[in-house]
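If you're matching them up, the sequences are chains P, L and C in order.
Residue 1396 in the working numbering sits at position 183 of the first sequence, with consecutive numbering throughout.
Residue 132 in the working numbering sits at position 130 of the second sequence, with consecutive numbering throughout.
Residue 73 in the working numbering sits at position 48 of the third sequence, with consecutive numbering throughout.
For reference, the structure is listed below as structure tokens.
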Amino acid sequence: MLIKTLVAVFLAAILTENYVLSKFLGICPFLGVSKKLDSALGMSVAVTVVMVLATAVTYPIYMYLLVPFGMDYLQTILFILVIAGLVQLVEIILKKYIPALYKSLGIYLPLITTNCAVLGVTMLVLQKVQSTTAYDYTYIHALINAFGAGIGFLVAMVMFAGVRGRLENADIPKSLKGLPITLVAAALVSLSFLGFAGFVDKLIPLG
Amino acid sequence: MKKLNLKDILIPTVSLFLICLIVTALLAVTNAVTAEKISENEAEKKQESMQTVLPDAVLFEEIEIEEGELYQGKDQSGNTVGYAVSTAAQGYGGQVKVMTGFDLKGTIIGVDVFYNDDETPGLGKNTSNESFTDQYKGLSANEDIAVSKDSAAGNAQTVDAVTSATISSRAVTKAVNMAGEIYRNIKKEAE
Amino acid sequence: MQKKSLFSEFTKGIIKENPVLCLVLGTCPTLAVTTSASNAIGMGIAATAVLVCSNAVISLLRKVIPDKVRIPAYITIIAGFVTIVQMVVKAFSPAINDALGIYLPLIVVNCIILGRAEMYASKNPVLPSILDGLGMGVGFTAALLCMGIIRELLGSGSVFGVQLLPVQILIFILPPGGFFVFGMLIMIANKLNGRKGKKAKASPCDGCPLSTNCNKREEGVLDAD
Chain P
1214 MLIKTLVAVF LAAILTENYV LSKFLGICPF LGVSKKLDSA LGMSVAVTVV MVLATAVTYP
1274 IYMYLLVPFG MDYLQTILFI LVIAGLVQLV EIILKKYIPA LYKSLGIYLP LITTNCAVLG
1334 VTMLVLQKVQ STTAYDYTYI HALINAFGAG IGFLVAMVMF AGVRGRLENA DIPKSLKGLP
1394 ITLVAAALVS LSFLGFAGFV DKLIPLG
Chain L
3 MKKLNLKDIL IPTVSLFLIC LIVTALLAVT NAVTAEKISE NEAEKKQESM QTVLPDAVLF
63 EEIEIEEGEL YQGKDQSGNT VGYAVSTAAQ GYGGQVKVMT GFDLKGTIIG VDVFYNDDET
123 PGLGKNTSNE SFTDQYKGLS ANEDIAVSKD SAAGNAQTVD AVTSATISSR AVTKAVNMAG
183 EIYRNIKKEA E
Chain C
26 MQKKSLFSEF TKGIIKENPV LCLVLGTCPT LAVTTSASNA IGMGIAATAV LVCSNAVISL
86 LRKVIPDKVR IPAYITIIAG FVTIVQMVVK AFSPAINDAL GIYLPLIVVN CIILGRAEMY
146 ASKNPVLPSI LDGLGMGVGF TAALLCMGII RELLGSGSVF GVQLLPVQIL IFILPPGGFF
206 VFGMLIMIAN KLNGRKGKKA KASPCDGCPL STNCNKREEG VLDAD
């Protein structure tokens, strides 16, 4: 049962609740860094790592510190500071111990602090704890959800990098060039993700 | 490598700490001022919703149960006229919260979807329209209700889903069924 | 003269440097909450309030905050104001709070706000900073409202909840419609700017407060030490 719910949470986070394409979180990097495949990949991996780490830290802080003391109004400010701190920490650690990885991922890290997808994940996961009624939404579910959200971000970025590669050579009106045509392409990609609605519920019926 | 100066570390740390302290203090003050009003708003919303599903009742008394919220509705002379049950289910975008009113025979008097703001506007959000919720009126709490699309198994009680919003419609139906279960339990205990 | 330049601080954000359509900042809320005109206004006003307050405070403290920790300090101040706005909205307009949901606390990471703090308020006196924030906020609200009206009209056939059209093209209030309408609006903005002989922004990263940081690194100036 636990495995089943975990798989459902994971698939839903990638397909039906895709943060970029259906929740509009993390649009800036989605439009900004998806020009080339390798930078799209690097950014997504960095986002995934920070998402999981941030959720791992903020979930216990919220559940065991803020809620018992009735200070949940500090959620926004605390979460954003935790994320900013984590990003710095990851950057320092990578720089010191795995310089090769730092060279490929490090450039994306400072951008992540203001990436709303990361803050969004940490907050939405906590909403789910209350709203999921079919089963107990535990710490593991939260982590898997964060991981799935990161993978969903990766899928969207990589797919979109491919689409944009095609756009480079397309002959389009001058005023559409650049961002407008990119957004129209994003509309089509997100349209395709609409097809996943209800997919996970049908695949893995719960409760 | 530049030599680390104590002053260079101390001043930024202290000033950042002070900023955090001041901001937190301000937040605590704002929270103290607004908290009462916020809980008042929520209570008001719930009260309105209970009134919609149990129009005959004037007073609602909460009965403690393990899951969901149960209110006993009484009329002016203190007679119980029915029960209002608040339940929630997972919809398309997030939680859907539903208030269901039952009379003493277990017939549904009214259903009110009082929170569905995470659903898609124009689709799932339409589940709070009366044209959808009125379908539940008159159905019985003793048997589960299904969305007509899903009732291949032959449920006797069905409602038609809102067009293109089957998931949200299912969520509301599920919440109503949960309410029915809570109602049945409280009836059993009373007997 | 003084008056005129202050006035231009206010107006530049509305047309010439519109944060959404010309600088392409704050795209997430622009796409997410513009499913109806009233949501768009609610978001616009909330963000404007945060922007004006944070610009004012950051400008006041610009000589006090040490340079090293300025970004975390700005984020703390902005997050504080966002939470205050959130509590006030919850208390006095719960319907807007419910409609904006998670996107209300997410104003914290709206790059317009941190961007204005870093690019303007940290270098200018209080009064111009407030006007700059107000102008940018109004520009943001106007762009959101524009999107909101188009999407609500086409998607649900109404504007501010008043039914105007008998047909509804649902796709416009779904995510793809958001991307599409935004693309079209930027195209129009590009077209208008192009006519005046101005260069359109090449990359959406240009307006991002951290972009100088990341572009420099991308070009390989990475190894500083």
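We put the beta carbon where it would ideally sit given N, CA and C, even for glycine.
From a predicted model like this one, the values you see are computed outputs, not experimental measurements.
Is residue i close to chain L, meaning its C-beta is less than 9 Å from at least one C-beta of that chain?
i	result
residue 112(C)	yes
residue 1384(P)	no
residue 1389(P)	no
residue 1259(P)	no
residue 1330(P)	no
residue 1202(P)	This structure does not reach residue 1202(P), given that chain P is present from 1214 up to 1420, and the question cannot be answered.
residue 1279(P)	no
residue 1224(P)	no
residue 1286(P)	yes
residue 126(C)	yes
residue 67(C)	no
residue 1290(P)	yes
residue 193(C)	yes
residue 105(C)	yes
With a cut-off of 9 Å, does the C-beta of residue i fall near any C-beta of chain P?
i	result
residue 8(C)	Past the boundaries of the shown model lies residue 8(C); chain C is included only from 26 to 250, so the question cannot be answered.
residue 73(C)	no
residue 41(C)	no
residue 93(C)	no
residue 136(C)	yes
residue 90(C)	no
residue 23(L)	no
Please classify residue i: is it buried, with 16 or more other beta-carbons within 10 angstroms of its beta-carbon, or exposed?
i	result
residue 119(L)	buried
residue 81(L)	exposed
residue 32(L)	buried
residue 15(L)	exposed
residue 1350(P)	buried
residue 224(C)	Unreliable positioning characterises residue 224(C) in this predicted model, as indicated by a pLDDT of 44, which lies under 50. The coordinate reading is nonetheless provided below. Per the 10 Å Cβ criterion, exposed.
residue 1391(P)	buried
residue 19(L)	exposed
residue 135(C)	buried
residue 172(L)	buried
residue 185(C)	exposed
residue 1309(P)	exposed
Quick check: is the beta carbon of residue i nearer than 9 Å to any beta carbon in chain C?
i	result
residue 1378(P)	no
residue 1416(P)	no
residue 1420(P)	Because residue 1420(P) sits at a pLDDT of 48, beneath the cut-off of 50, its placement in the model cannot be relied upon, and the following sentence gives the value as read from the coordinates. No, because no Cβ of chain C sits closer than 9 Å to the Cβ of residue 1420(P).
residue 17(L)	yes
residue 1326(P)	yes
residue 174(L)	no
residue 39(L)	yes
residue 1237(P)	yes
residue 1337(P)	yes
residue 114(L)	no
Return the bridge partner residues of residue i from the DSSP annotation.
i	result
residue 47(L)	Per DSSP, none; premise fails for residue 47(L).
residue 72(L)	65(L), 87(L)
residue 1405(P)	Beta-bridge pairing links residue 1405(P) to no other residue.
residue 60(L)	Partner(s): none; residue 60(L) has no beta bridge.
residue 148(L)	160(L)
residue 99(L)	90(L), 117(L)
residue 1285(P)	The partner list for residue 1285(P) (beta bridge, DSSP) is empty, contrary to what the question assumes.
residue 157(C)	None; residue 157(C) has no bridge partner.
residue 104(L)	85(L), 110(L)
Just checking: is the beta-carbon of residue i within a distance shorter than 9 Å of some beta-carbon in chain A?
i	result
residue 1345(P)	Among the chains of the structure shown, chain A does not appear; the protein chains present are P, L and C.
Review point. Counting pairs of beta carbons, one from the region 116–133 of chain L and one from the region 165–180 of chain L, are three or more of them closer than 8 Å?
Key: yes
Practice item. Taking only beta carbons into account, state which residues of the region 152–182 of chain C come closer than 7 Å to chain L, listed in chain order. Key: 180, 181
Point to revise | Three-pair Cβ contact test at 8 Å for the region 61–73 of chain L versus the region 136–148 of chain C | key: no
Exercise for review: Using a Cβ-Cβ cut-off of less than 9 Å, list which residues of the region 1356–1376 of chain P approach chain C; keep chain order.
Suggested key: none
Check your understanding: Are three or more beta carbon pairs between the region 1289–1296 of chain P and the region 1258–1276 of chain P nearer than 8 Å?
Key -> yes
Practice item. Evaluate contact between the region 101–121 of chain L and the region 114–131 of chain C, counting only Cβ atoms and requiring at least three cross-stretch pairs below 8 Å. Key: yes
**Study point:** Segment contact flag, the region 1235–1246 of chain P with the region 1360–1378 of chain P, C-beta cutoff 8 Å, min 3 pairs
**Key:** yes
Review point. Counting Cβ pairs, one atom from each stretch, are 3 or more of them under 8 Å apart for the region 204–220 of chain C and the region 1405–1415 of chain P?
Key: no
Check your understanding: Would you say the region 104–124 of chain C touches the region 36–55 of chain C, given that touching needs at least three Cβ pairs under 8 Å?
Key -> no
**Study point:** Chain-ordered residues of the region 80–107 of chain L with a beta carbon less than 8 Å from chain P
**Key:** 90, 91, 92, 94, 96, 97
Review point. Closer than 8 Å, Cβ to any Cβ of chain L: which residues of the region 1396–1409 of chain P, in chain order?
Key: none
Check your understanding: For the region 1293–1307 of chain P, which residues have a CB atom closer than 7 Å to at least one CB atom of chain C, in sequence order?
Key -> 1293, 1294, 1297
Practice item. Count the CB pairs spanning the region 177–197 of chain C and the region 92–104 of chain L that are closer than 8 Å, and state whether there are at least three. Key: no
Practice item. Please determine if the region 59–72 of chain C and the region 150–170 of chain C are in contact, where contact requires at least 3 C-beta pairs separated by less than 8 Å. Key: yes
**Study point:** Cβ contact (3+ pairs, closer than 8 Å) linking the region 1354–1364 of chain P and the region 1384–1402 of chain P
**Key:** no
Exercise for review: Say whether the region 182–195 of chain C touches the region 90–97 of chain C, bearing in mind that this needs 3 or more beta-carbon pairs closer than 8 Å, one atom from each stretch.
Suggested key: no
Practice item. Would you check if the region 1400–1411 of chain P and the region 191–206 of chain C touch, i.e. whether three or more CB-CB distances between them fall below 8 Å? Key: yes
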